[in-house]
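Residue numbers (full-length UniProt numbering), protein chains in the order written: chain A, 1 to 132; chain B, 1 to 132. Backbone N, C-alpha and C fix where the C-beta goes; we use that ideal spot for every residue, glycine too. This structure is a prediction, so every number in the text was calculated from the model and none was measured.
Number of protein chains: 2
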Amino acid sequence: MIGRLNHVAIAVPDLEAAAESYRGALGARVGPPRDEPAHGVTVVFVELPNTKVELLHPLGADSPVAGFLERNPAGGVHHVCYEVPDVAEAARKLEAEGMRVLGPPEVGAHGRPVIFLHPKDMQGTLTELEEA
Amino acid sequence: MIGRLNHVAIAVPDLEAAAESYRGALGARVGPPRDEPAHGVTVVFVELPNTKVELLHPLGADSPVAGFLERNPAGGVHHVCYEVPDVAEAARKLEAEGMRVLGPPEVGAHGRPVIFLHPKDMQGTLTELEEA
């Protein structure tokens with residue numbers, strides 16, 4: 001069912017410093033910061049040849065990343081995202097397997113339907129599935 | 001400098017259960033467990049079309065993953081690995097930028113030289129660089 005690793009999302013306390021360490025020290029192709037108010041984050045994409053890293057920083061009062069940074073002030077991997085052909089079908093199948101699917105499919109940061117799987121069912125790793 | 005995302009490594013408390021959730025519920029191609037005594041881990045590879053996920057479980061008394069699982073009993077992302085053309089050159093460049101490179105280049109789990117960057121210099125994310 002799962003296909004490509006779409007992205008690894010890393011929550012960072014200082015977006016500019018994080019972007020600079022990927023751009024400068026690591027020499028990666030790094031895009032400009034992009035506010036995504038609907039998702040409560042500002043995102044910087046690090047474009048790699050086979051996938052991307054998303055640097056996430058809280059935006060607004062109700063950001064899903066704020067609590068994570070309170071628990072992990074230095075930052076850390078927030079979630080991992082895999083592509084699936086059909087998110088609604090994936091949700092049905094995974095719930096039938098007893099896994100907790102967080103919320104109904106919603107339109108994610110890339111304009112495609114996504115779901116999240118509870119970290120407790122995924123070895124402590126918040127896991128996003130995005131319709132490819 | 002950095003190229004492909006070589007792998008995401010997830011430390012897991014129960015390797016068989018983790019492998020089964022990727023193989024069964026998520027429908028991924030999952031290899032057999034492989035002991036790597038030199039690195040203190042047993043590894044299961046989840047092969048994705050563009051990269052891989054490595055499920056890590058402690059092996060032996062002095063595993064680098066054991067402390068992580070004590071702090072994160074449910075498991076979690078242990079490190080992220082990017083490919084570089086020359087690990088020794090990368091280490092020199094990154095140290096010149098003031099980043100902490102953990103240990104001299106050593107031969108990693110894939111038989112190639114690797115270094116690790118300190119999580120404090122990488123937004124809380126332990127980062128491996130592997131010579132491609």
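(request) Verify whether the separation of the beta carbon atoms of V77 of chain B and T125 of chain A is less than 8 Å. (result) Taking the second sequence and counting its residues from 1, the one referred to as residue 77 of chain B is at position 77. Taking the first sequence and counting its residues from 1, the one referred to as residue 125 of chain A is at position 125. Yes, Cβ-Cβ distance for V77 of chain B and T125 of chain A is below 8 Å.
(message) Can you find the residues in the same chain that come closer than 6 Å, C-beta to C-beta, to A19 of chain B, ignoring five residues on each side of it along the sequence?
(response) Within the second sequence, the letter at position 19 stands for residue 19 of chain B. Within the same chain, A19 of chain B has close Cβ partners V30 and V44.
(request) Report yes if the C-beta distance between L48 of chain A and R4 of chain B is below 8 Å; otherwise report no. (result) Numbered from 1 along the first sequence, position 48 holds the residue referred to as residue 48 of chain A. Numbered from 1 along the second sequence, position 4 holds the residue referred to as residue 4 of chain B. Yes, the pair counts as a contact, with Cβ atoms nearer than the cut-off.
(request) Reducing DSSP to helix, strand and coil, say where V7 of chain B ends up. (result) Counting from 1 along the second sequence, the entry for residue 7 of chain B is found at position 7. First, the residue type needs correcting, since residue 7 of chain B is His and not Val in the sequence shown. Strand at H7 of chain B.
(message) For a contact defined as C-beta to C-beta under 9 Å, what are the partners of E97 of chain A on chain B?
(response) Position 97 of the first sequence, counted from the start, is the residue given in the question as residue 97 of chain A. In chain order: S21, G24 and A25.
(request) Determine contact between the segment 54-70 of chain B and the segment 98-115 of chain A, defined as no fewer than three beta-carbon pairs at a distance below 8 Å. (result) no
(message) Buried or exposed, going by whether 16 or more other CB atoms sit within 10 Å of the CB of residue 155 of chain B?
(response) Chain B is shown only over 1 to 132; residue 155 of chain B falls outside these bounds and no answer can be derived.
(message) Between A66 of chain B and chain A, is any beta-carbon pair separated by less than 8 Å?
(response) Residue numbering aside, residue 66 of chain B sits at position 66 when the second sequence is read from its first letter. False, the Cβ-Cβ gap to chain A never drops below 8 Å.
(request) Indicate whether at least one CB of chain B lies closer than 8 Å to the CB of L102 of chain A. (result) Residue 102 of chain A sits at position 102 when you count from the first residue of the first sequence. No, because no Cβ of chain B sits closer than 8 Å to the Cβ of L102 of chain A.
(request) Figure out for me which residue from A:L69, A:V80, A:S63 and A:F116 has the closest Cα to the Cα of R92 of chain A. (result) As a position in the first sequence, residue 92 of chain A is number 92, starting the count at 1. Residue A:F116 holds the alpha-carbon nearest to the alpha-carbon of R92 of chain A among A:L69, A:V80, A:S63 and A:F116.
(request) Report the rounded CA-to-CA distance for V87 of chain A versus E54 of chain A, giving the unit in angstroms. (result) Start at 1 with the first residue of the first sequence, and residue 87 of chain A comes out as number 87. Start at 1 with the first residue of the first sequence, and residue 54 of chain A comes out as number 54. Rounded to whole angstroms, V87 of chain A to E54 of chain A spans 21 Å at the Cα level.
(message) Could you tell me the alpha carbon to alpha carbon distance between H7 of chain A and E97 of chain B, rounded to whole angstroms?
(response) The residue labelled residue 7 of chain A in the question sits at position 7 within the first sequence. The residue labelled residue 97 of chain B in the question sits at position 97 within the second sequence. Answer to the nearest angstrom: the Cα atoms are 27 Å apart.
(message) Less than 8 Å between the C-beta atoms of G75 of chain A and V12 of chain A, yes or no?
(response) Numbered from its first residue, the first sequence carries residue 75 of chain A at position 75. Numbered from its first residue, the first sequence carries residue 12 of chain A at position 12. Yes; because the gap between Cβ atoms is below 8 Å, this pair is in contact.
(request) Within its chain, find whatever has a CB closer than 7 Å to the CB of P64 of chain A; leave out the 5 residues flanking it on each side and keep chain order. (result) Counted from its first residue, the first sequence places residue 64 of chain A at position 64. Only G40 meet the Cβ criterion.
(request) List the endpoints of the continuous beta strand (DSSP E) containing K52 of chain A. (result) Here residue 52 of chain A is taken as the residue at index 52 of the first sequence, counted from 1. K52 to P58 is the extent of the beta strand (DSSP E) around K52 of chain A.
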